[in-house]
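For our numbering, add 861 to where a residue sits in the sequence shown, where the first one is 1.
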Amino acid sequence: MSSSTTSLTPDQHKAQAAQKAVEYIQDGQILGLGTGSTVHHFLTALGTRVQDGLRIRGVPTSQATATYATQLGIPLLGHDEPWDIDVAVDGADQVDPQLNLIKGGGGALLREKIVARAAKQFIVIVDEAKQRPHLGLPFPLPVEILSFGWATTQRHLEKMGWPAPRREQTGSPFLTDNGHYIVDLHIPQIADPASFEATLLLLPGVVECGLFVHMTSLVITGTDQGVRLSQAPDKPTP
Ligand code: 5RP
């Protein structure tokens, strides 16, 4: 007799989490639309519901998300309108047991944080590998910095004790949708994410960092056994 176990790929875990998140979306809502491959699955599923008559409007956190959402017929709000976002849905690079996050692997952390902060509820969709006992390496912390004086800002960051290489893309500096650079801080373990975030944001030249502290309402994790829900104890229930 032979036994067989099937394990799903990380991308299938992402798709599972994304499908589950769409179940939380209700007619008439304003949605924050995150960025990345997990959100791509979410947008695909959301687009199907919109084509079936769901009436929502989205606030995209990147040009890539705006382009894909538009292709799917998802109506979008402009940058200049005041937003009253019901639910933001986004991926993450790491999630710790307190549901704090590292984000910014795709370089959209600044707009993602503005949109998540503006939302009444923030749903995070991830594959199982993103769950970590603490934030930090193996995923370096993205820090968005002004290009003006960037090497000086980078030097200040490195004086904290960890390498902070500027992110490159095909031999050129990676530029965010906001025209800024990103340095990826190779910090092994972020013991106190809230105070580390505050320290980073005090440094002139730092625009934002990829720590999302005490913002998450619900994490939906795709696993081989189905989706796992982790609800923040002190946030409104989606
Ligand atoms: C982009 C992000 C993404 O949400 C994060 O990098 C996760 O991406 P993916 O869903 O592709 O694994 O923060 O800035």
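For every residue, glycine included, the Cβ atom is placed at its ideal position computed from N, Cα and C.
Whole-Å CB distance - residue i paired with residue j, under 8 Å assumed
i: Ala1100; j: Thr896; result: Any question about residue 1100 goes unanswered here, given that the chain covers just 862 to 1099.
i: Lys991; j: Asp954; result: 7 Å
i: Gly1083; j: Ala878; result: 4 Å
i: Ala969; j: Ser923; result: 4 Å
i: Ile963; j: Leu1072; result: 7 Å
i: Tyr1052; j: Val1074; result: The sequence shown places Ala at residue 1052, rather than the Tyr named in the question. Contact flag wrong, Cβ pair sits at about 13 Å.
i: Val911; j: Gly934; result: 6 Å
i: Asp947; j: His995; result: Rounded, the Cβ-Cβ distance is 31 Å, inconsistent with contact.
i: Tyr929; j: His902; result: With 8 Å as the limit, Tyr929 and His902 do not qualify as a contact, their Cβ atoms being about 11 Å apart.
Residues near residue i by beta carbon distance below 6 Å, same chain, minus five either side
i: Ala949; result: Gly893, Val976, Ala977, Ala980 and Phe983
i: Pro1001; result: Asp1045, Leu1046 and His1047
i: Arg918; result: Ile891, Pro936 and Leu938
i: Thr1014; result: Ile1006 and Gly1066
i: Asn961; result: Pro1054 and Val1074
Collapsed DSSP secondary structure at residue i in the structure displayed
i: Leu1102; result: The structure shown does not extend to residue 1102, since the chain spans only 862 to 1099, so no value can be given for it.
i: Phe1057; result: helix
i: Asp957; result: coil
i: Ser1091; result: strand
i: Ile891; result: strand
i: Val1074; result: coil
i: Gln873; result: helix
i: Thr928; result: helix
i: Lys981; result: strand
i: Gly919; result: strand
i: Ala906; result: helix
i: Arg1027; result: strand
i: Ala949; result: strand
i: Leu937; result: strand
i: Ser1033; result: strand
i: Ile975; result: helix
i: Leu1002; result: strand
i: Thr1084; result: strand
i: Trp1046; result: For the record, residue 1046 in the displayed sequence is Leu; it is not Trp. Three-state result, Leu1046: strand.
Given residue i as reference, the closest of the options once Cα atoms are compared
i: Arg1028; options: Gly1022, His1041, His1017 and Met1021; result: His1041
i: Ala1037; options: Tyr929, Lys1020, Leu1007 and Asp1053; result: According to the sequence as given, residue 1037 is Thr; it is not Ala. Closest by alpha carbon: Leu1007.
i: Thr899; options: Asp988, Leu907, Glu942 and Tyr885; result: Asp988
i: Asp945; options: Leu933, Val920, Gly1066 and Asn961; result: Val920
i: Arg972; options: His901, Asn1039 and Gly1087; result: Asn1039
i: Phe1057; options: Arg1089, Met1021 and Ile1043; result: Met1021
i: Gly965; options: Ile1043, Val1088 and Met1076; result: Ile1043
i: Ala1059; options: Val1004, Gly1010 and Ile1081; result: Val1004
i: Gly967; options: Pro1026, Gln959, Asp941 and Gln1030; result: Gln1030
Sequence-distant residues of the same chain with beta carbon closer than 7 Å to residue i, five excluded per side
i: Ser863; result: The predicted model places Ser863 with a pLDDT of 42, which falls under 50 and marks its position as unreliable; any figure quoted below should be read in that light. Nothing listed; no residue qualifies.
i: Gln880; result: Ala906
i: Lys974; result: Glu1069 and Phe1073
i: Ser1078; result: Gln982, Phe983, Ile984, Ala1093, Lys1096, Pro1097 and Pro1099
i: His874; result: Asp988, Glu989, Gly1083 and Thr1084
i: Leu1090; result: Leu1079 and Ile1081
i: Pro943; result: none
i: Arg916; result: Asp888 and Gly889
Cβ shell of residue i (< 8 Å), same chain only, five flanking positions each side left out
i: Pro1049; result: Gly997, Leu998 and Trp1023
i: Leu1064; result: Thr1014, His1017 and Leu1018
i: Gly1087; result: Gln877
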